[in-house]
Amino acid sequence: MTGIAAERYTGASIKRSEDPRILTGAGRYVDDIKLPGMLHAAFVRSPLAHARVLSVDVSAARALPGVVAALSGAELEAMTVPGPDALMALMGWAGPTPEFTLLATDKVRFVGDPVAVVVAESRYLAEDGCELVEVEYDDLPPVVSASFALDPGSPPLFANLGDNIARPHSRREFGDVAAVFAGADRVFDFRVGVHRHQNVPMEGRGCVASYDPGQGTMTVYAATQSVHVSKIAVAMRLGIEQDKLRVLAGDVGGSFGLKIGASREELAVAAASRAAGRPVKWVEDRTENLIASGQAREESFDVRAAVSNDGDLLGLDVTMVIDTGAYPGMGAMVPAIVEAMLPGPYKLAALGFESTGVTTNKASYVAYRGPWASETFVRERVLDLIAAELGLDPVEIRLRNVAPRTDPPAVMLTGRPLAGVTTRESLERLTELVDFPAFRRRQAEARARGQYLGIGVATFIEAAPGPRSAEGPSGPMGMEAMRLRLTEDGIVVLFTGQMPHGQSHQTTLAQIAADEFGVPFEQVRVVVGDTDVVPFGLTGGSRSATMTGGVALHGARQLRAKVIDFAAHLMEASARDLQITDGNVWVRGDPASAIAVAEVARRAAAGQFGADVDAELEVEAAFDGGEGGWSGGSHCAIVEVDVETGIVRVQRYVVAEDCGALINPAVVEGQIRGGVAQGIGAVLLERSAYDEDGNCQSATFMDYLVPTACDVPRIEIAHLETVPLDADVNFRGVGEGGMLVAPPTVVNAIEDALAPFGVRIYEQHLPPSRILELIAAADPGR
Amino acid sequence: MDITLRVNGATRTGSPEARKTLADFLRDDLDLTGTHLGCEHGVCGACTVIVDGRAVRSCLMLAVQAAGCEVTTIEGLAADGELGTLQQALWDSHSFQCGFCTPGFVMQAVAFLGAHPDAGEQQIREALSGNICRCTGYESIIDGVLLAAQRSASPHPAAPTQAGPGRAAPANRER
């Protein structure tokens, strides 16, 4: 076997090493943790959107047999350290900082706001205890809409802010906005909105916190995208020294941006465990998830577009208002990303961007797969609206405006170079995959029969991780680290700060390291989810393909060099003549010299060597992202709209995607399809709905509808791998693109289908009832 | 209330409170944590198990209602350590991502294929439309179930797959 080049794993759809446990029920999710003496927590939650809390009486709950502790917000506050939202602090937020407590004390600010926690011998008993907690409220007028929140007369959610402004108004201009608008042939005004919807991972939030009173140590079993970020949050709010705190995570049942850091509830559970001196588990139920875990995307955009008669998009002037919900978090930071990304791949001459963020009595804004996604929706919607006004083809207007691929690359108006962006290529690929003229003929025939078909196209780019620039391609999240070790069993172990929750890192990182080190795939293991052994890291922002793929590649190369250096000493050969393939070190040209890497590691562990021999077969690697780069692509949807029922069916969905070199095509395609499915859901089904009193109307899966197997079509995918930028790391992230671009793709197709009625669409949520309203409004005679 | 039932071929006894769901009984009392809870109101299907041959949502059934029943959970499918035909086909098809919904899909599909071994894509989609997956967009799951149906039907099963990680079956992608 020695001397035969091992097959290359990178680039192949290697079957996932995660699957045998997942397919047999042997996965270990946070709710599967069971510790001796473990208690269960449940939360008393506000039934009102906005009210003063006059009193909280937990005495009856405490008296219930089986209840071990019942804590009000004030009691919990006495056990914890006040502080800002950990995520915002970590990201350097310098704007308004609302003062709030882990559980509501003075006020409740949304329906579902936690007010008290009951800890009991079972979840059933904890919920019984919650029924006995008496809370007196004094109603305040709810602030449910962003427009009311902007009114200086609206009652402030946070007394220390004095108003409901979470992100103060700001305006920036790129290029000469006034001149570009003055010189334009046409100026259009559109108001485009995106509705509130949310992550909905199949596993909600949860944790088990276990305080050891003797040692003074805390272990938290988390469901998280980063054990280290969770640790920072817990340490900060519980006042625990870092060395006494350990955060572990096993399998995580999805997240899509929701599970970053530790939520208020998780911090309360950790405090309750310390108070009780026993482990405490809390796993949210679906209603808690839907009303209280967090929501995203409720944003409005007033867009002015300066255009030439030929369809050149010259300038945009955009005013964004974001509804960040009740408590601080991601929302206030989103407009800055939207601003930076708004030009997309297009050669825009001027951009004015102003934004304001408001607080309202709704669930807090959280990151959701492509948190800045609204910019893609707005831009790609506006391009179609302009195309319709000018009588241009949607593909043509895009090709016309895409920045050309030049060397050096064109630079986005907002600053980043468009290095390696292949929007033009992906649009052209779409026109090869989809016969547009044939569709137009079919569409005309169908219309003659009273059947309404539409085609929509949209395109996107995604900084995954982004091009190299002054601050490096890795951007605000910094370098990626990895520790790699060759064990005496011949296993190459990768310790990564990535915390996979569906991304298949235990497979993909092993593929890369196996190839680079020279061992079979089965001889690489990937360790995640333990703050005591993994470096800092976070799975999110579509960064792991480049950043972690890159550090796995470079780290495996470093470890390989180290093993060869040591083996050279053992084998009395020159390191230059040694190679590792298929798990063996051997002298090139002499298969008989082969020694298994396991044997090399055993000799390293057993032997005593002079100071000149490094027998520690471990490396710590770091990667800055290399040349980085963009992911991107173009999507096309063909839909049929039943104008009698308003039901939209996606007949065909085609993707032309460029995420650089593929590590594992099946994993990449799974990410794309999953993102597209969420995007289709956002348009046709999903909405986090509130009534005028601030009651959440989408508190169950009967009301918050997510797509099923009957709603999502087959998704055809073509891969482009057009422009390698880096010497060896050209994998780019692909997690968010589907969710970024599917909503405008589907909405564009629906508008095209409804063109005979003159329908224009300025929103994203188009359930059947809304489709019928749009038709009726555009064509009252119908 | 004392109950006796058969779970994955073994006789089990317990004394669940009357209000305890079958899902909680399986997970908490019998330590069968492969059955997952995704909504606890009967919509998402993650908790699906097979009771007396029928797929049921164990979050909507009380443990005491399962007294005397034959219950199969995800842990009962590969009890001998070998993946079953469906599980193998799902692995080969890269069917899942985070894996949380997986046990429910597998149990629903086992029950469905048992009754409809010749089912085509549309029937499978409808049969699985009561199970929610948030990661995959379903195509890979449908492909896996179709592959299992095809392998079960074929007297000469399609190319045997490796026991360990290897190449996935070609994606059924182009039309």
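If you're matching them up, the sequences are chains A and B in order.
Numbering-wise, the first sequence is residues 458 to 1239 according to my numbering.
Numbering-wise, the second sequence is residues 1047 to 1221 according to my numbering.
We treat Cβ as the ideally placed atom computed from N, Cα and C, and that holds for glycine.
Under the three-state reduction of DSSP, residue 1041(A) is assigned to strand. Residue environment analysis places residue 1119(B) among the buried positions, since at least 16 neighbouring C-beta atoms fall within 10 angstroms of its C-beta. Residue pairing from DSSP leaves residue 869(A) without any beta-bridge partner. Nearest to residue 709(A) by alpha-carbon distance, out of 936(A), 959(A) and 811(A), is 959(A). Of the residues 1065(B), 1170(B) and 1110(B), the one whose Cα lies closest to the Cα of residue 584(A) is 1065(B). Residue 709(A) reaches chain B at 1144, counting residues in chain order whose Cβ is nearer than 8 Å. Around the beta carbon of residue 1051(B), 16 or more other beta carbons sit within 10 angstroms, so the residue counts as buried. Taking a C-beta cut-off of 7 Å against chain B, the contacting residues of the region 655-683 of chain A are 657, 658, 659 and 660, listed in chain order.
The bridge partners DSSP lists for residue 529(A) are 573(A). Taking a C-beta cut-off of 7 Å against chain A, the contacting residues of the region 1129-1155 of chain B are 1129, 1133, 1136, 1137, 1138, 1140, 1142, 1143, 1144, 1145, 1146, 1147, 1148, 1149 and 1152, listed in chain order. Residue 1108(A): member of the beta strand (DSSP E) spanning 1105-1115, first to last residue. Annotation for residue 739(A): the continuous beta strand (DSSP E) segment containing it runs 737-740. The C-alpha of residue 578(A) lies about 27 Å from the C-alpha of residue 1149(B). Taking a beta-carbon distance threshold of 8 Å, residue 577(A) does not count as an interface residue toward chain B.
The C-alpha of residue 572(A) is placed about 20 Å away from the C-alpha of residue 617(A).
Within chain A, no residue has its beta carbon less than 7 Å from that of residue 1162(B); the closest one is some 15 Å off. Among the CB atoms of chain B, one or more fall inside 8 Å of the CB of residue 1172(A).
Between residue 958(A) and chain B, the shortest Cβ-Cβ separation is below 8 Å. Any Cβ of chain B closer than 8 Å to the Cβ of residue 1159(A) would place that residue at the interface, and such an atom is present.
Using a Cβ-Cβ cut-off of 9 Å, residue 718(A) is close to nothing in chain B; its nearest Cβ partner there is about 19 Å away.
Scanning its chain for C-beta atoms nearer than 8 Å, with the 5 sequence neighbours on each side dropped, one finds around residue 1177(B) the residues 1090, 1091, 1092, 1094, 1147, 1150, 1151 and 1154, in chain order.
Less than 8 Å divides the Cβ of residue 743(A) from the Cβ of residue 1085(B).
Look at residue 1161(A) here: in three-state DSSP terms it is coil, with no helix or strand label. What residue 1133(A) touches in chain B, judged by beta-carbon distance under 7 Å, is 1183, going in chain order.
Here residue 1188(B) has 1167, 1170, 1171 and 1174 as same chain residues with Cβ atoms under 8 Å from its own Cβ, once five neighbours each way along the sequence are excluded. A Cβ-Cβ distance of about 43 Å is found for the pair residue 602(A) and residue 668(A), leaving them out of contact under the 8 Å criterion. For residue 921(A), the enclosing beta strand (DSSP E) stretches over residues 909-924. Rounded to whole angstroms, residue 1147(A) and residue 952(A) show a C-alpha spacing of 44 Å. At least one beta carbon of chain B lies nearer than 8 Å to the beta carbon of residue 479(A). When DSSP reads this structure, residue 1093(A) sits in a beta bridge with 914(A) and 1111(A). Residue 748(A) and residue 782(A) have their alpha carbons spaced roughly 12 Å apart.
Residue 934(A) is positioned such that its CB atom lies no closer than 8 Å to that of residue 1009(A).
Contact annotation, residue 1092(A) with residue 1199(A): C-beta distance approximately 6 Å; criterion of less than 8 Å satisfied. An exposed status is given to residue 639(A), since fewer than 16 other beta-carbon atoms sit within 10 Å of its beta-carbon.
Within its own chain, the residues whose Cβ lies closer than 7 Å to the Cβ of residue 1015(A), once the five positions on either side in sequence are excluded, are 1076 and 1078, listed in chain order.
Around the C-beta of residue 635(A), fewer than 16 other C-beta atoms lie within 10 Å, and the residue is accordingly described as exposed.
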